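In this text, residue positions in the sequence shown follow my numbering: the first is 526, and each later residue adds one. The structure under discussion appears below in the form of structure tokens.
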Amino acid sequence: MVTVDPRTPDRASLERAGAVIRRGGLVAFPTETVYGLGANALDPAAIARIFAAKGRPANDPVIVHVDRPAQVWQVARHVSPLAARLIARFWPGPLTLVLPRAATVPSAVSAGLPTVAVRMPAHPVALGLIAAAGRPVAAPSANRFSRPSATTAAHVIADLDGAVDLILDAGPAPIGLESTILDLSGDGPPVLLRPGGLPLDDLIAVAGPIVTRPSPPGTDEQPQVAPGLMTKHYAPRAEMLVIVGERVRARARLRAEIAGRCAAGQGVGVLLVDEDADLLANLPVQVARLGSETRLAEIGERLFSALRDLDTAGVDVIAARDIGAAGLGLAIRDRLVRAAAGRVIDIDNDPTST
Ligand code: TXA
Ligand code: MG
Numbered sequence: 526m527v528t529v530d531p532r533t534p535d536r537a538s539l540e541r542a543g544a545v546i547r548r549g550g551l552v553a554f555p556t557e558t559v560y561g562l563g564a565n566a567l568d569p570a571a572i573a574r575i576f577a578a579k580g581r582p583a584n585d586p587v588i589v590h591v592d593r594p595a596q597v598w599q600v601a602r603h604v605s606p607l608a609a610r611l612i613a614r615f616w617p618g619p620l621t622l623v624l625p626r627a628a629t630v631p632s633a634v635s636a637g638l639p640t641v642a643v644r645m646p647a648h649p650v651a652l653g654l655i656a657a658a659g660r661p662v663a664a665p666s667a668n669r670f671s672r673p674s675a676t677t678a679a680h681v682i683a684d685l686d687g688a689v690d691l692i693l694d695a696g697p698a699p700i701g702l703e704s705t706i707l708d709l710s711g712d713g714p715p716v717l718l719r720p721g722g723l724p725l726d727d728l729i730a731v732a733g734p735i736v737t738r739p740s741p742p743g744t745d746e747q748p749q750v751a752p753g754l755m756t757k758h759y760a761p762r763a764e765m766l767v768i769v770g771e772r773v774r775a776r777a778r779l780r781a782e783i784a785g786r787c788a789a790g791q792g793v794g795v796l797l798v799d800e801d802a803d804l805l806a807n808l809p810v811q812v813a814r815l816g817s818e819t820r821l822a823e824i825g826e827r828l829f830s831a832l833r834d835l836d837t838a839g840v841d842v843i844a845a846r847d848i849g850a851a852g853l854g855l856a857i858r859d860r861l862v863r864a865a866a867g868r869v870i871d872i873d874n875d876p877t878s879t
């Protein structure tokens, strides 16, 4: 592991990491969203090593990272006027665009799809690494398959120690949620494949109408067109319980569920917003604090770490309350629901709740 400054990483460390990429190795590196597990995007053998290290199925495509907007032409066959507008407005930043794939990009990067997912990260270490490598860097999140994404170098070590040639440690990833993925490869309007660090409203302001699908069906045989199509993703080891719905009743239900689980002798962990602290009086629970529900950026930044902390504490069940879909809330909700593998208590649509 090499420690680097997040704002002004030293040249020598970046050169060393770039050399690892050039010779076909794997480098874990920070981005503004989460840590990535990087390899030369143009080298099929290096791509194969990513999949092996993560234990990731070959039908789950990875994102290609570039260090300047013009580099998109090395990986995409066509860049539409809309894509160019979004790039000009949001790169570098947490926006991944799915575009027609150029022949130079091995099809394994995209799990055989005719498209490629590409983004320019807003992190000096990521940009410096790509520049030092001198080529686009393919990178999924640097966690083992189906574990919460890594937002610190310690998470990378916990999941991938021994499978990575070099880890660049620049402290916690500032956003903590993966990029927003927008599919521009079709003939119709853009399709949101994954809500993420760039809020949907910001995108709509530039792109106009965007097609969103709640949870598209996926199968293990077909290439995944968005993460988490396999129901279980971002999964903690503990059972996950997510309460969705009107705030007052959701709070009451959260308290009741936690109390019930405690009474049944289960070890209960809570992903806690400050506003719910009053609900836990006299309950023997483990708490991971997310901060105030009025500060979504802070909740996003802490979410995956909090999930891992509660897992490490060895609880049987992790409870959380949904905090709405505004702004980053949509991405936070998405990660909670996926972590729960669909086991969500929707009190607005549950006849048994009062
Ligand atoms: O913020 C991020 O996006 C982080 C950092 C490291 O950049 N990366 C990340 O990668 O979250 P990953 O592999 O965990 O998730 C990328 C997802 C894949 O699960 C896949 O579903 C989707 O992007 N994807 C990749 N290529 C695609 C393509 N050609 N078409 C549709 N979806 C694609
Ligand atoms: Mg991932």
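Beta carbons are placed, not taken as given, at the ideal position from N, Cα and C, and that holds for glycine. The model shown is predicted, which means the values in this text are computed figures rather than measured ones.
Remark: three or more beta-carbon pairs, one from each stretch, lie closer than 8 Å, so the stretch 686 to 705 and the stretch 549 to 563 are flagged as touching. In this structure, the CA atom of aspartate 568 is about 12 Å from the CA atom of leucine 551. The continuous beta strand (DSSP E) containing glycine 794 extends over residues 793 to 798. Shown here, alanine 850 sits in coil according to DSSP, grouped into three states, outside any helix or strand.
In the three-state DSSP reduction, proline 714 falls in the coil class, being neither helix nor strand. With contacts defined by Cβ atoms closer than 7 Å, glutamate 818 and glutamate 800 form a contacting pair.
Residues of the same chain with a CB within less than 8 Å of the CB of arginine 532, apart from the 5 flanking positions on each side, are Pro649 in chain order. Between proline 724 and glycine 825, the CB-CB gap reaches or exceeds 7 Å. Residue nearest to alanine 732 within the set Arg541, Arg593, Ile612, Ala777 is Ile612 (criterion: CA-CA distance). Here the stretch 611 to 626 makes no contact with the stretch 664 to 680; the two share fewer than three CB pairs at distances below 8 Å. Arginine 660 and alanine 566 have their C-alpha atoms spaced approximately 7 Å apart. By DSSP's assignment, glutamine 811 forms a beta bridge with Gly794. Looking at the DSSP output, proline 555 sits in a beta bridge with Tyr560.
Nearest to alanine 571 by C-alpha distance, out of Ala688, Leu539, Val529, Val795, is Ala688. Taking C-beta atoms as the reference points, valine 795 and valine 812 count as a pair closer than 7 Å.
Your pair leucine 828 and leucine 808 does not check out as a contact, with CB atoms roughly 22 Å apart and the cut at 8 Å. Distance from the CA of isoleucine 682 to the CA of arginine 574, rounded to the nearest whole angstrom, comes to 17 Å.
The beta carbon of proline 665 sits closer than 6 Å to at least one heavy atom of the ligand MG. Taking 7 Å as the cut-off, the beta carbon of leucine 654 is found closer than this to the beta carbon of phenylalanine 554. The beta-carbon distance between proline 594 and methionine 645, rounded to whole angstroms, is 6 Å. This is short enough to meet the 8 Å contact definition.
Relative to the Cα of glycine 722, the nearest Cα in the group Pro625, Leu855, Ala730 belongs to Leu855. Short of 7 Å from the beta carbon of alanine 822, and not among the five residues preceding or following it, lie these beta carbons of its own chain, in chain order: Leu853.
Within 10 angstroms of the beta-carbon of glycine 563 lie 16 or more other beta-carbons, which makes it buried. For glycine 816, the secondary structure class from DSSP, reduced to helix, strand or coil, is strand. Residues of the same chain with a CB within less than 6 Å of the CB of valine 630, apart from the 5 flanking positions on each side, are Val600, Val641 in chain order. Judged by DSSP secondary structure, proline 569 falls within the alpha helix (DSSP H) whose first and last residues are 569 to 579.
Going by DSSP, isoleucine 612 is part of the alpha helix (DSSP H) stretching over 606 to 615. For isoleucine 857, the three-state secondary structure derived from DSSP is helix. Proximity to alanine 850 across Asp859, Ile843, Ala844 peaks at Asp859, based on C-alpha coordinates. Remark: C-beta atoms of alanine 865 and valine 736 do not approach each other more closely than 7 Å. Following the DSSP letters along the chain, one finds valine 840 in no alpha helix (DSSP H), marked with neither H nor E. The three-state reading of DSSP puts histidine 648 in coil, since its state is none of H, G, I, E or B. Within the same chain, Val793, Val795, Leu804, Leu805, Leu808, Val810, Ala844 come within 8 Å of isoleucine 783 by CB-CB distance, once the 5 residues on both sides are set aside.
Relative to the ligand TXA, proline 586 has its C-beta within less than 6 Å of a heavy atom.
Look at alanine 732 here: in three-state DSSP terms it is helix. According to the DSSP assignment, glutamate 764 belongs to the beta strand (DSSP E) that extends over 764 to 769.
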